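Worksheet for the structure shown next.
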Amino acid sequence: MIRPILVVGNPVLRQKAKRVSQIDKSIQRLIDDMIETMKAAPGVGLAAPQVGVPLRLAVIDVDDKITVIINPEIVKTSAEVELDEGCLSVPGFWGRLDRAERVSVKALDRNGKELRIRDAEGLFAQALQHEINHLDGQLYIDRMDTLDKLQRSEPLRRREADEREARRAAGLEEDDESSTKTTPD
Ligand SMILES: [Zn+2]
Numbered sequence: 204m205i206r207p208i209l210v211v212g213n214p215v216l217r218q219k220a221k222r223v224s225q226i227d228k229s230i231q232r233l234i235d236d237m238i239e240t241m242k243a244a245p246g247v248g249l250a251a252p253q254v255g256v257p258l259r260l261a262v263i264d265v266d267d268k269i270t271v272i273i274n275p276e277i278v279k280t281s282a283e284v285e286l287d288e289g290c291l292s293v294p295g296f297w298g299r300l301d302r303a304e305r306v307s308v309k310a311l312d313r314n315g316k317e318l319r320i321r322d323a324e325g326l327f328a329q330a331l332q333h334e335i336n337h338l339d340g341q342l343y344i345d346r347m348d349t350l351d352k353l354q355r356s357e358p359l360r361r362r363e364a365d366e367r368e369a370r371r372a373a374g375l376e377e378d379d380e381s382s383t384k385t386t387p388d
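For the sequence shown, our numbering assigns the number 204 to the initial residue and increments by one for each residue that follows.
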């Protein structure tokens, strides 16, 4: 079941989430719902507080691999690099911030078995840090020096329309109404 994603301003996003004490049926259902919600968004990761559940649990989808982390802890970090980042709870924006290039994480998987993620890199490392921040009530915008650097991401449809307009102006595309017609929303 797809659950609604809370957006910035909702107090649940600012709570320090509690540890999961028992991985029971309701937790399994929550995990399944979070994976479905993340895929539908679509997003690279989703933390339980983002669907209104203040528990230390998150799901990540990088390179077609789903990782479930329960009660995660960052046990090792490398030097930081500058990255672009966005969040499903801060819709319509992205920003640049510094994060560790590599991280090692200790957590439980959905079966309650200990999970060791050693020297995760790239988008996976970024997502691990982003989701674990959510569990402490932190959003990526808190890590930016200034919100002046926050960039607005244009809705895709608008961007496509602008590109089409630019191509047409450059004489690269015929001004044919039938080819630009979109289905009604
Ligand atoms: Zn987020």
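Glycine residues also receive a C-beta, built at the ideal position from the N, C-alpha and C atoms.
As the structure is a computational prediction, the values presented were derived from the model and not from experiment.
*Start and end of the alpha helix (DSSP H) containing Arg-232?*
228-243
*If you drop the 5 nearest sequence neighbours on each side, which residues of the same chain put their C-beta closer than 7 Å to that of Asp-322?*
Arg-305, Ser-307
*Would you say the beta carbon of Leu-291 comes nearer than 7 Å to a heavy atom of ligand 2?*
Judged by which ligands are present, ligand 2 is missing from the structure shown, whose ligands are ligand 1.
*Using the Cα positions of Ala-244 and Val-262, report the straight-line distance between them to the nearest angstrom.*
13 Å
*Helix, strand or coil for Gly-255, going by three-state DSSP, please let me know.*
coil
*Please classify Ser-382: is it buried, with 16 or more other beta-carbons within 10 angstroms of its beta-carbon, or exposed?*
Confidence in Ser-382 is poor, its pLDDT being 45 and thus under 50, which makes the residue's placement too unreliable to answer from.
*Where Val-223 sits in the DSSP three-state scheme*: coil
*Leaving out five residues before and five after Leu-249 in sequence, what residues of the same chain have Cβ atoms less than 7 Å from its Cβ?*
Met-237, Thr-240, Met-241, Ala-261, Val-262, Leu-291
_Lys-316 and Val-278 - do their beta-carbons sit closer together than 8 Å?_
no
*Backbone CA spacing between Met-204 and Ala-373 [nearest angstrom]*: 46 Å
*Apart from the five residues just before and just after Lys-207, which ones in its own chain have a Cβ nearer than 6 Å to its Cβ?*
Checking the sequence shown, residue 207 turns out to be Pro, not Lys. Nothing meets the Cβ criterion.
_By DSSP's criteria, Glu-273 is part of a beta bridge. Which residues make up the other side?_
Just to set this straight, residue 273 is Ile in the shown sequence, not Glu. Its beta-bridge partners are Leu-260, Leu-311.
*Tell me, please, which residues DSSP counts as bridged to Phe-296.*
Arg-355
*State the DSSP-derived secondary structure class of Ile-320, mapped to helix, strand or coil.*
strand
*Under the three-state DSSP convention, the category Val-284 falls into*: strand
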